[in-house]
Every structure is written in C-alpha cells, then in structure tokens.
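Residue numbers (the working numbering): 1 to 905. See below for the structure under consideration.
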Amino acid sequence: MAALVGTVSPFDCELQSWDEYIEVLDYFFQANEITDAGKRKAVLLSGVGASTYSLLRSLLCPMTPAEKTYQELVVVLKAHYNPKPSEIVQRYKFNSRTRHTGEKVADYVAELKKLAQYCEYGPTLPQMLRDRLVCGVNDDRMQRRLLSEVDLTFEKALTMCLAMESADRNIKDLQGFSGDEESQSQRSHQGQSVVHNVGAVDKRGWKTDYECFRCKGNHAPHECKFINELCHHCQKRGHIKRACKSKHVMQSHKTPFQGLKGERKGKEKAGRSHLVKEEDVSETEDAGDINTIYSVSHKMPKVAPILQKLKVNGMNIEFEVDTGCGITIISKKQYSKLWKNTDIPEWEPCNLTLKTYTGEKMLVLGQVIGTVQSQMDNKKLTMVVVEGAGPNLLGRNWLKDLRVLPQLVNTVTASPTLHLADLLDRYAEVFKDELGQLKGTTAKIHVNSEAQPRFYKPRRIPFAVKPLVEAELQRLVDEKIIEPVQFSEWAAPIVPVRKPDGSIRICGDYKLTVNRASSVEQYPIPKVEDLFAQLAGGNKFSKLDMSHAYQQIVLDESAKKYVTVNTHKGLYTYGRLPFGVASSPAIFQRTMEGILQNMPHVTVYLDDILVTGVSEDDHLRNLEEVLSRLKQSGLRLKRSKCKFLGTEVVFLGHKISAAGVQPVAEKVQAIQEAPTPRSVSELKAYLGLLNYYHKFLPSLSTLLAPLHALLRKETKWTWSCEQKEAFEKSKNLLQSDALLVHYDVNKPIILACDASPYGVGAVLSHRMGDGSERPIGFVSRTLNAAEKNYSQIEKEGLAVIFGVKKFHTYLYGRQFTIVTDHKPLISLFNELKEVPQMASPRIQRWAVTLCGYEYSIVYKAGKDHQNADGLSRLPVAEQGWRRLRRKREYFYWKKMAYHWLKPTR
C-alpha cells in the first residue's frame, strides 16, 4: 500500500470554517486519487474528530452516519457550522467598515471583499466595493483624487490608491535618508570623529552599508517598528535611546581617555582607539546580535595598539586585542591567506550585525572555524570574516577560550568577582520550566534494513484512568513532544503509570518493536576513575540535573515512525527522544560529552553534571561556562534538583569532597544491620548466604562451628555469647576486602533478587573471569503491612524493582542480568515479550520501569540462589531502613584504594 499524501486533521471550529475544512479535504482526495464516495465518507468520519462525530450523530438522530452519503453528511454539518447569516447585518458591517490608521490599502480591500461575501450584492458588487473604498479610505488626499476622477471603476480606484500609498513610502524613504546624513554630519562636526559616507570604506578598510536612523537597525526608517516610540533620553518620539542624536552630540565631547592622569593638553598627532562594545538595550527594542565598532580620531597622544601573535592553521597571525569586542574578526584578505596551500573552505552564514562608530553597517561575509594553537593544546575556534583588508581583531571569545591576555604596562586590571546569585539570574533561561530543545542535531535510531514492521493494537484503558490518560496525551501534544498521525507501519502499545502525585506518565512498550529491530547504538559510558580524575583539586562542588533529559533531544524525521505509540485516541508519534528506547542512554551520553568537551573540572554522566574548581572563582567560571554552553545548546536544567557550591556531594555512590573520594558513611548496611536469627530457618538462610561465597572466605567452617551446632536435631535453640560472637565475626567477613570487589565497567554485572514473606533483598555482583561471582554491594529491607499482603509473584517483582532502583546509578546505560528464583517473572519481565494485558496494574508499572534498562532476566533454582535469599530472610529492620532513607544512602561501595584523590596545592 502506497503511503498517503498529507493528513486529515480533526475539525476545529475555532481554527477554520467548515467550508475551509471541506476544501482541504477535497485536496486530500485529489492528492490520493480517492474518488469512491464510500471511501470519501469513511475518511471524513474517521478523521473529523471525536467531538464533531458525536455532534453529527446527534444531528442525524434517529438515523446514523452510515445511512447517509458523503454529500449529505457535508450538507448537514455545513448547515450547523455555517448557517446563512443575516443579509441586513452583513450589509451593515460592510458599509460601516473604514480603513484603520496605518492599515494598508490592499489589506483594507481584502477585508471588504470578505465582508461582502454574504451581502448578496450580485452584479452590483464592483460598484459597492468602489463606493466603500472611496468613502472609507480615511485619507483626504486620496478621497479628493478619487472624487475628481470621471467614470471611476473599482479597479481604477484601487490602482490609484495603491500608487499614492507607494509614493508616500518613497517620500518617507528620501526624507529619512537625508535626515540620517544630516545627523551624521552634525556628529562629525561636533565630535571631531571620522565619519564615513554610505558605501564608503571605513578607516579600518572594512566596507559599510546604510542603516535606520530610528534604531540603528538594517532596514528602511519608514519600516521601523519604533516609528512612534518614545526616546528615554530626549523624551521625543520617532526613535529610541540607542539612536538618539542628542545623546551622540553630548557623548561626542567625551573621550574614553578622560579619566587618565598625565593627559597632555597640547596639540598632538591624532591617535586611534579601537573598541567593540555591546549596544544599549535598556529600551524595549530587540537588540539582536549587534556590535558597534568604533574608529574615532581624538586629540590625544598616539598610543600603539596592543598586538598579540597567534598560530592559526599553522600560520603566525597578528591580532589587535579588542577586549570590548565579543567576537574575533579577520579580514577577507587574511582569510584567503590562512588556507593558501589547501582548499579554501566556504564560510558559514551568521546573523551578526557589525557597525562602526557612526552607525554604519559593515559587510559580514560569514564565519569560519580555524585551528588555533594554545599553550596547552589545539582548539577549534570560530572567527567572523568581513569584507576589506583591515586589521584582525582578537575578541573576548578567543581571549576566554585561550586564556591569554597580554600584560599591560602601568595598568591595573581588577578581575570582577562572580557571585552565584548573579550567575543564576543571568542564566535564568537555563532553569525555565518549559522543555528545552537541543539545537543543531537530531537523534537517529538505526533499524535493521531487513526488519519487519511490528504493529500492536492499543491496550484497553480502565475507565477511571482514561480521563487522566487523555489529559496527558493532550499535554504532550501541546508541548510538541508527540503529534497525532493517521497511519504507521510501526506501533507500540502504551502503559500508563500513575506517579506519586496522582498524575499519569505515558510510556511506550518498545521492547517488542524498535528495541528488537534496531542496532543498539554503542558509545562508551565513562569509567568511574576517569570521571573522578576530572575533579582532582576541587574544594567545592556543584551538581546539575537535567530536566526531562531525553525529551530535550529532537528525533530525526527518519526515526519518528519507529517510536509511534497506539492509544485508544489513535496513533501518536514522538518528536523527541522517548523513554524506553534502548539506544537512548548512549545517544544522550555522546551528546552531553560533545557539548561539554574540553572543560577542566567538569564531568558528565548521563543527565548528571558535576562542576568544581581549584578556587571558588575558578569554580564559578567553570559553572558559568557550563551554563553558557547549555544555553547555547538550548538545554534546560531542573533547578529544584541542582546543588551549588557544596563542600561535599554524593556522585556515583561515592562521597566527593576536598579530601578526595571517600566511601559513603554506611558500609554494606544490609549486612551490618542484619538482625539476629530467631529460628533455625532464619539461621539456615544466613548460613546459605555465607556458603554462597565460601571460596573467598578463609577458615569459614571453623568460624561458623557454633552456628552449625544449632542445626542439629537434638540441640535446643539457645543463642549464647558464643553464637553471637560467631555471627558478628561472620558479618564482618562479608564486608571485608577478602570478599567485596570494586565496580568495574568492563566486567559483566549480575543483580540477584529474592523475596521472603517479610522482606526483600538484592546483591549486585561482578562475574569474574573464572565464572565466580564477587559481590559489589548488598541491600535489603522489610516489607510494610501493605506489601506483606502482596501475592508471592508481586513480592518477587518488588524485589527486582527494589534492587534496580537502589543500584540504578550502576545499572543504567549498560547491559546487566537479573537473576530470580521465581519462574513466572521470566515471562512477565522478559525484555523480548509484551507485558500481558491481564497482569495486575502493579506488575505493568514495574514492567514499564524496566523498559528503561538494557537487561536480560534468567531463572536460578532456589538452592543456588542463597545470596539474595539470605538477605530477604534477614532484612534490615523497618526503623533502620527509615534512617537510611533520611540519610539518602542505601548501600556502600568498596573504597577504591587505587584511586584516592588529593587536593592540588
């Protein structure tokens, strides 16, 4: 079946009339060669929308839409939506319509024709339009000219009005041109400045162009939006403060050198000062990317320019330092020399507007990236190319990136102190609640070419949840995260998940569609030791958290069809990278590392960014650079989850402070706070946990002899000091270096989970080269009163979700294996099977949670699953667990003895 051309959107009477909707629908039929009346009726009824279809059924009652033809349905709805208006009222509106102040004649005539549509003037319409144009044009000069014309027709009247309107605009252009030249001459006379005529070459050798005298923009004065604006400087209308003539006259008597001591007052040769500064944006105008370049002659001692030599593309280039300029500029002549021996690349277009002191626009050719050699390494930096052969200007952007500033003699430079509050105010846009959108790139999903499309029907939604699901779908549409589509070969069902606040989160069950058919993108998740190395020497730390991280990346057009979801409201496709796609973690990590590359004391792990510095000022400068890059990229942070300038921070399971990387305070809490066994069954479970790791624990049988004695049939249960001592020593063995290993991204990960009638437990382990399992961490807790009433399958599922959440930092973004001794979970949580519709809502929610991870789930018999079984039967007491939650730490990772970081001195 060939793909359809175009789409049929639901009818919305607020956006268009019924006649317009039918016109668009007819074009759709033509484009897709749909001529059959039955098919036309089916397209109309399926695409008109739920509300309109419901209205149609009411209008036809007791008949149904199936009993009517396509044309009859159109007539019925037209009669409802487009009832014939009153001819008297329409003629009154037509004869009352006059041209508004500033309204173009063409727009006025178009409005008259629209009003005349229902006036029923018939063949007299041209005369009525002519009369209304003459009487309502609202311009005495035009009316006199039209009334003096003999045998005036509507076409002739319209032509004359348009000609006079055009003449008025041309006169204003000529008047504005003369006024601007006069103002420039006045500034030149009073300020003794070097002034350039339009189209001339300025003092630096750069070509210039003309600009608006009302706002200094690049447009004609009569088209300026500030034509009636009040100037905040002279209090006159017709221009803004930035372009005020009186302001320039007052400033022309001042020079940038008046504050210097030892200024000579005698006649000296005129010196030259170069300055690029930001425009005054205190008014309401949109300043845009505008910089003003000054080239002024003053009666001052001649001061040599500050020059800096840099190696660009292997060639030594001399730049004139201009700290007032935010960009680096090279001339076209220099540009051609940089690539003399190689192919000269084409420059990229840029939206910058550069202007001289007199307000003239410079001709910007574009921007280009060159390789600049710094003291540490080579950097790819952007420079702007301008017409002419003037000097190259070294702006603030290169000065900051290269961290180079020439030493100035007899000059005291005070570095401004950054303040966190000012920094957050300046980059408030990064913390906006609205969803961010990454600029310049899209996410692609690589689906195997031989993959067969997979289309799944929508799942039935419970009646109580349906309004919430529909509201969430509408929110996603409004925020342009998803959009409705009429057709798709791929479709995954949705699973609504209720959040703690009662709202609904919609997730696509992609494990049976795109995840099975696509090649998972491979990008190395950084090693923990490499991340920590970036933080060496820091004394304060800021932790930044992305807001709706994945959904800030736009999906490539070619990938959208693969992430379509099927709902009871129809098909929707994601326009942003959705949760649950297997390639999402690698795509996001690669994107974030690209944005924040080559930044010292900054590390990024998926949606978490950690920033530090050798001093507070250095820290704030690094933080400013991060916020600047995020702003330029269009990304957003979640302000409530960010922490700034903390003395310590928990990152990837480690506490990081000025003292280095340290273990968190709790050491394998699930083992340390394991309660004393109260029965033979509990003791057997604990001993099973120890025996699971017996090969790594020396002299274990000797140590456990007092505990094994309680397992004999003839022995009465007595927990004495001897048993207590053996129990505590054995717990210490489980926490020792003899057993625990540190986390290694190159070793396979296993998450063993189990549940008992009163607790859940999980063990995170590495599979070693010899096939054995060495634990990294343990976690357990007791079940609350409600959880104890769960069915056994739900308790086992809770154990899996409990382990995944607690070890999320180490599982997310990499492949791991879930081990359970409960076989039914294999099908319910199988990464390659659909979530059963008849499963309990709790199981469905947990299955959706697992969709965000890349895992496989395997079964292991209970007799071989004693490590997790022992934890579930000896869980941390409820009060201990609450204390852990208050401390926000659930487990301990073995101290990395090979990588203690010390502050740099």
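Quick reminder that beta carbons are idealized off the backbone N, C-alpha and C, glycines included.
DSSP places residue 788 in no beta strand (DSSP E); its state is neither H nor E. Judged by DSSP in its simplified three-state form, residue 65 adopts helix. For residue 767, the enclosing beta strand (DSSP E) begins and ends at 759–767. The DSSP-derived three-state label of residue 594 is helix. Partner residues in the beta bridge of residue 508, as assigned by DSSP, are 494.
In the DSSP assignment, residue 603 falls within the beta strand (DSSP E) that extends over 602–605. Between the stretch 845–863 and the stretch 802–816 there are three or more C-beta pairs closer than 8 angstroms, enough to call the two in contact.
Minimum Cα-Cα distance from residue 764 among the listed residues 813, 433, 741, 720 corresponds to 741.
Going by beta carbons, residue 726 and residue 707 fall inside the 8 angstroms limit. Following the DSSP letters along the chain, one finds residue 843 inside the alpha helix (DSSP H) bounded by residues 841–850.
Between the stretch 110–124 and the stretch 156–165, the count of Cβ pairs shorter than 8 angstroms is below three; the stretches do not touch. Judged by DSSP in its simplified three-state form, residue 571 adopts strand. Judged by their CB atoms, residue 472 and residue 504 are nearer to each other than the 8 angstroms cut-off. Judged by their CB atoms, residue 541 and residue 626 are not nearer to each other than the 8 angstroms cut-off. A residue is called buried once 16 or more other Cβ atoms fall within 10 Å of its Cβ, and residue 597, having fewer, is exposed. Residue state for residue 838 is assigned as coil, using DSSP reduced to three classes. With respect to the 8 angstroms criterion, residue 384 and residue 367 are classified as neighbours on the basis of their beta carbons. In this structure, DSSP gives residue 396 a helical state, which the three-state scheme calls helix. Scanning its chain for C-beta atoms nearer than 8 angstroms, with the 5 sequence neighbours on each side dropped, one finds around residue 833 the residues 511, 512, 827, in chain order.
With the rule of 3 Cβ pairs closer than 8 angstroms, the stretch 455–475 counts as touching the stretch 558–574. For residue 546, there is no enclosing beta strand (DSSP E), as DSSP marks it with neither H nor E. The Cβ neighbour count for residue 686, taken over all protein chains shown within 10 Å, is at least 16; the residue is labelled buried. Between residue 554 and residue 576, the C-beta spacing is below 8 angstroms. Per DSSP, residue 151 lies in no alpha helix (DSSP H) and is assigned neither H nor E. Under a 10 Å Cβ-count criterion, residue 716 is classified as exposed, with fewer than 16 other Cβ atoms of the shown protein chains found around its own Cβ.
Judged by DSSP in its simplified three-state form, residue 445 adopts coil rather than helix or strand. Between residue 94 and residue 119 a beta carbon distance of about 5 angstroms is seen, short of the 8 angstroms cut, so the two are scored as contacting.
Scanning 48, 362, 508 for the CA closest to the CA of residue 390 turns up 362.
Taking a 10 Å sphere around the C-beta of residue 515, we find 16 or more other C-beta atoms and assign the residue as buried. Burial is judged here by how many other beta carbons sit within 10 angstroms of a residue's own beta carbon; residue 507 has at least 16 and is buried. Distance check between residue 16 and each of 798, 48, 309, 42 places 48 closest, using alpha-carbon atoms only. Distance from the CA of residue 219 to the CA of residue 225, rounded to the nearest whole angstrom, comes to 10 angstroms. In its chain, beyond the 5 residues on either side, 816 have a beta carbon closer than 6 angstroms to the beta carbon of residue 749.
DSSP places residue 483 in the strand class (E or B) of the three-state scheme. Following the DSSP letters along the chain, one finds residue 820 inside the beta strand (DSSP E) bounded by residues 815–820. A check of alpha carbon separations from residue 402 across 43, 865, 379, 728 identifies 379 as the nearest.
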